[in-house]
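Before any comments, here is the structure.
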Amino acid sequence: MPILTGAHDVEWVDPDDVPRPIVAFGAAMDDVGGFELDPHHHRKGQILLVQRGALSCEVEGGLWIVPPRSAIWIPGGARHSIRATGALEGYNAFVDPDVGTPLPTTCCAVSVTPLLRELLTRAAHLPFLYEEGGGNSRLVAVFLDELAAAPVEDLHLPMPADPRLRRIVDEMLAAPAERGSLEIWAARAGVSERTLMRLISRETGMTFGRWRQQLGVVLAVKWLAAGASIQQVAGDLGYESVPSFVTMFRKALGTSPGRYMAERHSG
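When we follow our numbering, the leftmost residue of the sequence shown carries the number -4, and every step to the right adds one.
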C-alpha cells in the first residue's frame, strides 16, 4: 500500500484480520506530534523499522529505543506501548506466527541490513490482500529469512515491576541529569541500600550502576536521533564534561556518539 504521510491517510485495518503471511506499510511524517499507542497486543508478530527519527517501545518489562537504520521485533501476543515525537519515517510489518520461519520468541532490537530494508520497503508497497504465489511469495520468504538472521543490538533497558523501583525509575526518566547516589535513591524508594541493590539485580539482571548507565545510553540514542547535539545530550544526562559522556557511550556501544549516528544516517 502507499506510504502514509498522516494519521488519516487510510482507515486502519486490524492486521490480525488480514489472511496473509505479512501485512506491511510505510510512513513518512514530518511531525507526528506526541504520538503514543497505549499498551496493546496482537496475535501477529511485528517489526518496526526506523529510517528517520526514533521510537521508544515498552514491552513487558523492558524499554527499547529504535534509532535510524534499526528495528524492533515484537513477538505476537506481547503487550506493548509505542511513543514517538517529531519527524518519523519508517516501515512496519506484521508477521503471522504460522509462517514456519524460526523468528525470535522475545522482544529484541535488531540492526537492519540494506537487504532487509529493501525487502521491507518492497513488501510495504504490496496491497494488504496481495496475490499469493510467484514473486510475492518469494519476496515474503526472503524477507522472513533475512529478518531471522538479523543481528541483535543492545538498546534495551530492563524495566523493573516492583512498585518501589518503578517509582524511582519514573523519577530518573523525568530528570536523567540528576546524579543521585545509591544512598539517595534508596531513601526515595523507602528501602536500604542493600535492599535496593538486591531488588535491582533480581528484576533487571544488572547492578544499580550498570542499569543507570544503560538508561543513559538509551536516552542518548533517542535524543541524538531526534537531532540533539552531543554537548546537549551530555548536559541533559548530567555529565560534567562531554569527554566523560563520550567515554561512557563508547564503552557501551563500541563507538563514539558522532560515529554511531553518522553510520545510521549513511546509505
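Glycine residues also receive a C-beta, built at the ideal position from the N, C-alpha and C atoms.
Alpha carbon to alpha carbon, how far is V94 from R205? Give it in angstroms, no decimals. Position 210 of the sequence shown, counted from the start, is the residue given in the question as residue 205. Position 99 of the sequence shown, counted from the start, is the residue given in the question as residue 94. When rounded, the distance between both Cα atoms is 38 Å.
Relative to the C-alpha of V186, which residue among P171, I163, T199 and R207 is closest? Within the sequence shown, numbered from 1, the residue matching residue 186 stands at position 191. In this structure, I163 is the residue among P171, I163, T199 and R207 with its C-alpha nearest to the C-alpha of V186.
Do you know how far the Cα of A215 is from the Cα of A223? Numbered from its first residue, the sequence shown carries residue 223 at position 228. Numbered from its first residue, the sequence shown carries residue 215 at position 220. C-alpha separation (whole angstroms): 9 Å.
Once the 5 residues before and after E31 are set aside, which same chain residues still bring their CB inside 6 Å of it? For the purposes of this step, residue 31 is taken as the residue at position 36 of the sequence shown. The residues are R78.
List in chain order: all unbroken beta strand (DSSP E) runs of 3+ residues lying wholly within the region 26 to 60. 29 to 35, 40 to 47 and 50 to 54
In this structure, what does DSSP give as the bridge partners for Y255? Locating residue 255 in the sequence shown gives position 260, where the first residue counts as 1. Y255 pairs with nothing; no bridge assigned.
Alpha carbon to alpha carbon, how far is P16 from R133? Give it in angstroms, no decimals. Within the sequence shown, numbered from 1, the residue matching residue 133 stands at position 138. Within the sequence shown, numbered from 1, the residue matching residue 16 stands at position 21. About 12 Å.
In angstroms with no decimal places, state the Cα-to-Cα distance between F138 and S176. For the purposes of this step, residue 138 is identified with residue 143 of the sequence shown, where counting begins at 1. For the purposes of this step, residue 176 is identified with residue 181 of the sequence shown, where counting begins at 1. Their backbone Cα atoms lie some 47 Å apart in a straight line.
Could you give the DSSP three-state label for V186: helix, strand or coil? The residue given as residue 186 occupies position 191 in the sequence shown. Here V186 sits in coil by DSSP.
Which of helix, strand or coil DSSP assigns to L142: Numbered from 1 along the sequence shown, position 147 holds the residue referred to as residue 142. In the displayed model, L142 falls within a helix according to three-state DSSP.
Mark K217 as exposed unless 16 or more other C-beta atoms lie within 10 angstroms of its C-beta, in which case mark it buried. One-based indexing of the sequence shown puts residue 217 at position 222. When all chains shown are included, K217 counts as buried.
First and last residue of the uninterrupted alpha helix (DSSP H) at V212: Working through the sequence shown from its first residue, we reach residue 212 at position 217. From DSSP, the alpha helix (DSSP H) with V212 extends over F203 to A220.
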